[in-house]
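**Student:** Numbering of the sequence shown is given in the working numbering, commencing with residue 29 and proceeding in unit increments.
Got a structure for you, written out below as structure tokens; questions coming shortly.
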Amino acid sequence: MDKFMSWMTDSFAPKVNKIAKNAWVASIQDAILTAMPMIFIGSFATILSIVKDFWKGFPDLSMISTFSFGLFSIFLAYLIPESIMNHKGHKGVSKQAGLAGLAFFLMLVYPQITADGHIKFDLNTFGTGGMIAALIAGLFVGFVMNLFSKWKFIGEDSPIPDFVAVWFNTLIPIIVILLIGWIFTFEMNINVYDVVNSIFSPLIHLGQSFWGFVLIFFLGFSFLYTFGISSWVLYPVQTAIALPAIAENQANFAAGKAVTNIFTVETGSLFLIGGGGATLALCIMLAFMAKSQRLRMIGKASLVPSIFNINEPIVFGAPIAFNPILMIPMWINGLLGPILTWFVMKIGLVPIPHEPFQLWYLPGPIQNWIITASFIGLIYFIVLFVLSWIVYYPFFKIYDKQAVKQDAELAEEGE
């Protein structure tokens with residue numbers, strides 16, 4: 029165990045964190061995080077739709093979701109190349125890169141030109157269904173704009189105003205980008221949107237499989253987290269799987285079809301009680317049951333954040349991270365939650381989420397009820413909480429006993 033801990037701490041964790049800080053990976057993360065308010069707005073629309081279930085006269089606000097969550101890919105197409113330019117130190121052309129990304133993406137989604145000269149777009153391609161195409165488009169545009177930033181028509185020492193210099197320095201890369209989009213879509217008649225989705229469909233299917241669902245949630249929210257590696261490392265992969273899945277569930281539910289995609293952010297929120305590894309139970313134990321005054325203080329300070337599913341204070345304060353005694357139960361709960369959730373949804377005991385809802389910071393009971401649109405969600409929350417309590421309890425007792433001994437030793441040294 030000691031050798032494994034040393035390897036994870038000294039070798040694995042630094043390498044993963046270095047990847048996460050890479051300009052290209054960081055740009056995708058930043059773009060997704062920047063667009064998160066639009067997903068939250070779609071989640072608010074879900075909450076308001078509950079009112080309509082009880083009051084038929086309440087207006088249908090589904091279009092709010094359509095023009096927020098439903099335009100997520102368009103937002104990414106702009107934000108990714110803009111973020112890449114900022115990370116690469118070319119802030120002066122970041123907005124132009126974003127505009128080029130938006131134009132290029134609109135070409136990739138294969139617009140149809142009607143006989144009367146109108147251009148038609150499939151609205152579904154603007155939402156999470158086009159997310160992977162938006163990622164590819166954004167990265168490609170960022171690559172081209174970054175490449176051409178090394179050659180400038182007008183240098184920095186030119187007397188020409190900076191905004192005019194930007195116009196001319198970005199003309200060629202933007203023309204190259206649009207020409208490539210035009211050739212593929214309108215000359216070669218290739219539906220790049222379908223091609224990209226076909227290439228990445230194995231990733232989607234892997235995520236929706238039992239092992240994909242369990243391992244991705246376990247690695248991202250429990251295992252790597254206990255070594256100080258943020259769950260944001262896997263967030264681009266999780267998002268690429270989860271957002272199209274919930275959009276498809278929503279469309280199928282509206283059409284009266286079966287809802288089958290289990291891997292969604294909403295599903296994951298059901299078992300992240302207090303945060304990754306279901307740490308709320310441990311936090312309550314520390315706050316009210318610990319004999320160690322130090323642990324009790326940490327538990328009380330972490331309690332309110334934990335209720336709202338923010339567990340950084342307890343993960344790094346107790347700590348759980350790099351602490352073999354508390355890492356093990358966090359791993360167990362990190363596996364138990366996804367495994368149990370997969371099976372209860374597969375057999376139909378708990379409804380599969382069919383509406384976007386990513387207000388993950390709402391307390392568990394409220395969140396589970398809204399996500400499952402059923403009181404079964406409340407019962408399932410209680411079951412998961414009790415199980416997490418049972419898992420953490422013996423490890424908590426061991427750690428608390430050690431902490432009391434350490435506190436006493438430190439008190440003696442202080443005297």
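All residues carry an ideal CB built from backbone N, CA and C; glycine is no exception.
Cβ of G303 within 8 Å of Cβ of S334?
**Tutor:** For the pair G303 and S334, the CB atoms are nearer than the 8 Å cut-off.
**Student:** Let me know if Q124 comes out buried or exposed under the rule of 16 or more other beta-carbons within 10 Å of its beta-carbon.
**Tutor:** Q124 counts as buried, since no fewer than 16 other beta carbons sit within 10 angstroms of its beta carbon.
**Student:** Hey, could you find the ends of the alpha helix (DSSP H) G352 is sitting in?
**Tutor:** The residue you asked about is not Gly; residue 352 is Pro in the sequence shown. Start and end: P352 to K374.
**Student:** What residues match up with Q140 in a beta bridge as DSSP calls it?
**Tutor:** Paired residue(s): K148.
**Student:** Does G166 get closer than 8 Å to chain D when you measure Cβ to Cβ?
**Tutor:** The structure shown contains no chain D; it holds only a single protein chain.
**Student:** Locate the alpha helix (DSSP H) running through V121, then write down its first and last residues.
**Tutor:** Per DSSP, V121 belongs to no alpha helix (DSSP H) and is neither H nor E.
**Student:** Buried or exposed: which applies to G146, given that a residue is buried once 16 or more other Cβ atoms fall within 10 Å of its Cβ?
**Tutor:** The residue asked about is misnamed: residue 146 is His in this sequence, not Gly. Label assigned to H146: exposed.
**Student:** Which residue marks the beginning of the alpha helix (DSSP H) containing H382, and which one marks its end?
**Tutor:** Unbroken run through H382: none, as it is neither H nor E.
**Student:** Ends of the alpha helix (DSSP H) at L271?
**Tutor:** Y263 to A282
**Student:** Determine whether the beta carbon atoms of D150 and S320 lie at a separation below 8 Å.
**Tutor:** D150 places its beta carbon 8 Å or farther from that of S320.
**Student:** Just to confirm my understanding: we take C311, look at its own chain, exclude 5 residues before and 5 after, and list those with CB closer than 8 Å. What are they?
**Tutor:** G302, G327, S330, L331, S334, N339 and I342
**Student:** For L368 and P357, I'd like the C-alpha separation in whole angstroms.
**Tutor:** 16 Å
**Student:** In the DSSP assignment, the alpha helix (DSSP H) including M91 goes from what residue to what residue?
**Tutor:** S90 to T94
**Student:** What is the residue span of the alpha helix (DSSP H) that W179 lies within?
**Tutor:** Boundaries for W179: no alpha helix (DSSP H) harbours it, and the DSSP string shows neither H nor E there.
**Student:** In or out: Q140 buried (at least 16 other Cβ within 10 Å) or exposed?
**Tutor:** For Q140, the number of other beta carbons within 10 angstroms of its own is below 16, and it is reported as exposed.
**Student:** Considering only residues of the same chain and omitting the five flanking positions on each side of T267, which have a CB-CB separation below 7 Å?
**Tutor:** I60
**Student:** For the region 94-102 and the region 195-212, state whether three or more C-beta atom pairs, one from each stretch, are separated by less than 8 Å.
**Tutor:** no
**Student:** Just to confirm the assignment: which complete alpha helix (DSSP H) runs, minimum length 4, are found wholly within the region 287-342?
**Tutor:** 293-299, 308-316 and 321-335
**Student:** Counting beta carbon pairs with one atom in the region 122-137 and one in the region 155-170, are three or more of them shorter than 8 Å?
**Tutor:** Cβ pair count under 8 Å is three or more, so yes.
**Student:** Is there contact between the region 287-296 and the region 155-169, where contact requires at least three CB pairs shorter than 8 Å?
**Tutor:** no
**Student:** Look at K426 and I353 and say whether their C-beta atoms are less than 8 Å apart.
**Tutor:** Sequence inspection shows Ile at residue 426; the Lys mentioned does not correspond to that position. Contact: yes.
**Student:** Grouping DSSP H, G and I as helix and E and B as strand, with all else coil, what is K425?
**Tutor:** helix
**Student:** Could you give the DSSP three-state label for Y253: helix, strand or coil?
**Tutor:** helix
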